[in-house]
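Undergrad: What follows is a single structure, and I will ask about it in a moment.
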Amino acid sequence: MIDVNVLRKNPEILFESQKRRFQDDGIVREAIRLDSEWRELLRRSNSLKSDKNKLVREIGDRIRSGRGADDIKIKAAEIDREIERLETSLKDTETRRDEVLKKIPNIVDSSAPVARDETGNVAVLFDGTARVFRDDKDSFLEQSNQRMKYELSDFKPKSHVDLLVKRGLANLESAAAVAGSRFYYLLGDLVLLESTLENYALKFLQKKGFMLLEPPFMMNREATNGATDFTAFEDTLYKIEGEDLYLIATSEHPIAAYLSNTILEEGSLPLLFAGISPCFRKEAGAHGKDTKGIFRVHQFNKIEQFAFVRPDDSRIYHERLLENAKEFYRALEIPFRIVDIATGDLGNVASRKFDIEAWYPAQGQFREVVSASNVLDYQARRLKVRYRGKEGNVFVHTLNSTLIATTRTLVAIIENNQQEDGSIVVPKVLRDAMGKEVI
RNA sequence: GCGGGGAUAGCCGAGCGGUAAGGCGACGGCCUGCUAAGCCGUUUCCCUUUGGGAGCGGGGGUUCGAUUCCCCCUCCCCGCGCCA
């Protein structure tokens, strides 16, 4: 949620932000209108309550001194009725104002590339050496702006779907029969690889000073709505029938809600959490996209970086979370590029966002594996996460970044490390813990 | 699931129909060669701030007036039951 004081005192900031996002500013105007209506109603209501409180005190005085108070009791009752009328419309206006206010997107960072949609995203860095199949060379050169090292591969890389099924490392047909499409059974060494990868990721973040955290995998509506815009997520979330519970779509949400309604000591910041949890997503709107395999699925495990920081520090920590992810994928020797997400493609919550897109040789494409967002105080305001600053309580800034979404990272390993015979080379950093060099 | 006990400000904690004590911590000031102590003030949120209003886990009710009485709900603690 944006700061209502910005709406009152500097609405031009919001108009400008909406323009950069290529979004209509009607929502901002509507919020301004409802807010001034609300303030007028509040003023009138408070003034009546003040009158009422004076009367109550007088009634008390009179009763204690043995005088009658029936006449002013009648007056007090009249004021009560008037207050009740005002309060009703006050609450109604407040509800409508808050609904609109919550829908106003975060203020975009002035350095984010301005463009209407994802075609305006800017690749800012290429890392690693990509294995590229001969037929994909031209397409690769274009996607990498000729700024990335590569080596040509003579054999045509198999898609992870074929590899996994043929090698008996996953069963997708049974999963479809048992749970539906976009589910999977992982088998044998792939389970071990996943587990080793997760373990490696957790140790990696613990060494970087993150508190490891496994959250509840379900949240009630109120908490969910604090962590994100509920209406925007309704197509994503699975609801538990008969309960006020939703399966989490990412541990970002329970981590964000972890400190809701708390006031922290300034010295305790920054607070860094590494969340591990399964993620459940309906993928409603994704019909036809990535229908095969485990790239886009209803359930996957994710290890997430999350930071609560002082406002002045959020840019530095945004950089740091991204840096961690870069270091991690470099260690896995997965080639990737970093993309600076354009204003029109940011989503409501982020002020600035960088994605890491791994190179998938079988798909011949860079695809998202990491998304690192600076949310500023947008989430913290809604959840009321503050710290005691020199001049009162201040909302913290929150940042989040994937470290691994297991399925996508596994697919990247599988596609990049496959050999002609279909075996998969285990990344060097995982070999000791895995106990194998090849699967 | 059953019975009993709880929830008060950042934390601890009193009040139990008359309008939120006290302590700790934090911040500011006074004092001080410096620190500590001591003293004074501030320390929930909202509004158009020389002023008002709301707020005692949440929601309703009784009352001129509710932290206090009544009802419903949530969570925590103790015991019993069930159980990976």
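If you read the first sequence in the working numbering, its first letter stands for residue 722, the second for the next number, and so on.
Heads up, the beta-carbon is just placed ideally off N, CA and C, and yes, glycines get one too.
(1) As a quick exercise: from G909, E935, S874, F951, pick the residue whose alpha carbon is nearest that of R1103.
(2) So F994 packs on L923, CB below 8 Å; how close in whole Å?
(3) Nearest to Y871 by CA position, among T949, I1055, K1074, E1040, is which residue?
(4) Mapping the DSSP letters down to three states, classify K1003 as helix, strand or coil.
(5) Touch check for the segment 789 to 806 and the segment 760 to 772: three-plus C-beta pairs under 8 Å?
(6) Could you give the distance in angstroms between the alpha-carbon of V1159 and the alpha-carbon of G1014?
(7) How about G996: is its Cβ closer than 8 Å to a heavy atom in the ligand SAM?
(8) For a quick check, are the C-beta atoms of F1087 and R1058 less than 9 Å apart?
(9) Give the list of continuous alpha helix (DSSP H) stretches no shorter than 4 residues that lie fully inside the segment 947 to 1021.
(10) Compute the beta-carbon to beta-carbon distance between P732 and T1064, rounded to the nearest angstrom, for a pair I have assumed lies under 8 Å.
(11) Give the range of the alpha helix (DSSP H) segment to which E1048 is assigned.
(12) Tell me, to the nearest whole angstrom, how far the beta carbon of L980 is from that of L1042; I am working on the premise that it is less than 8 Å.
(13) Counting pairs of Cβ atoms below 8 Å between the segment 1091 to 1102 and the segment 1137 to 1155, do you hit three or more?
(14) Beta strand (DSSP E) containing M1155: first to last residue?
(15) Do you know offhand how far N866's Cα is from G1085's?
(16) Terminal residues of the continuous alpha helix (DSSP H) containing S768?
(17) Tell me whether D1142 sits in a helix, a strand or coil according to DSSP, three-state version.
(18) By Cβ distance, which residues of its chain are closer than 8 Å to A1046, with the 5 residues on each side in sequence left out?
(19) Compare the beta carbon distance of F1075 and D1066 with 9 Å and say whether it is the shorter of the two.
(20) Whole-angstrom Cβ separation of A948 and A977, contact assumed at under 8 Å?
(21) Mind checking which residues open and close the beta strand (DSSP E) that includes T850?
(22) Could you check which residue in N1137, G901, M1155 has the C-alpha nearest to that of L873?
(23) Using the rule of at least 16 other Cβ atoms within 10 Å of the residue's Cβ for burial, across every protein chain shown, is F736 buried or exposed?
(24) Would you call the segment 807 to 824 and the segment 750 to 766 touching, i.e. three or more CB-CB distances under 8 Å?
(25) Can you tell me the Cα-Cα spacing of R1017 and M869, whole angstroms?
(26) What residue range is occupied by the uninterrupted alpha helix (DSSP H) comprising E1078?
(27) Take the Cβ of E973 as the centre, count every other Cβ of all protein chains shown within 10 Å, and call the residue buried at 16 or more, exposed below.
(28) Give a yes or no on whether the C-beta atoms belonging to V1117 and P1032 are separated by under 9 Å.
(29) Can you list, in chain order, the residues of its chain whose CB lies under 8 Å from that of R1152, leaving out five sequence neighbours each side?
(30) Does the beta-carbon of F1029 have 16 or more other beta-carbons within 10 angstroms, so that it is buried, or is it exposed?
(31) Return the chain-ordered list of same chain residues with a C-beta closer than 8 Å to the C-beta of Y921, the five sequence neighbours on each side being excluded.
(32) Which two residues bound the contiguous beta strand (DSSP E) that contains F1087?
(33) In the DSSP assignment, find the unbroken beta strand (DSSP E) run with E872 in it and report its ends.
(34) Between D724 and E761, what straight-line distance do the alpha-carbon atoms span, to the nearest angstrom?
(35) Using DSSP's beta-bridge definition, name the partner residues of T1123.
(36) Quick one: using the 10 Å Cβ neighbour count with 16 as the cut-off for buried, is R802 buried or exposed?
TA: By the coordinates alone:
(1) F951
(2) Actually they are not in contact, since the Cβ atoms of F994 and L923 sit about 12 Å apart, beyond 8 Å.
(3) I1055
(4) coil
(5) yes
(6) 21 Å
(7) Annotation note on the ligand SAM: not contained in the displayed structure, which lists no ligands.
(8) yes
(9) 951 to 954, 973 to 979
(10) Incorrect: roughly 19 Å between the Cβ atoms, too far for contact.
(11) 1035 to 1052
(12) No, L980 and L1042 are not in contact; Cβ-Cβ is about 18 Å, not under 8 Å.
(13) no
(14) Where M1155 is concerned, there is no enclosing beta strand (DSSP E), although the alpha helix (DSSP H) it sits in stretches over 1149 to 1155.
(15) 15 Å
(16) 747 to 785
(17) coil
(18) Q1026, I1077, V1091, A1093, S1122, T1123, L1124
(19) no
(20) 4 Å
(21) 850 to 854
(22) N1137
(23) exposed
(24) yes
(25) 26 Å
(26) Taken as a continuous stretch (DSSP letters only), E1078 belongs to no alpha helix (DSSP H), being part of the beta strand (DSSP E) at 1073 to 1081.
(27) buried
(28) yes
(29) E1158
(30) buried
(31) V1150, L1151, A1154
(32) 1086 to 1095
(33) 870 to 874
(34) 19 Å
(35) E1025
(36) exposed
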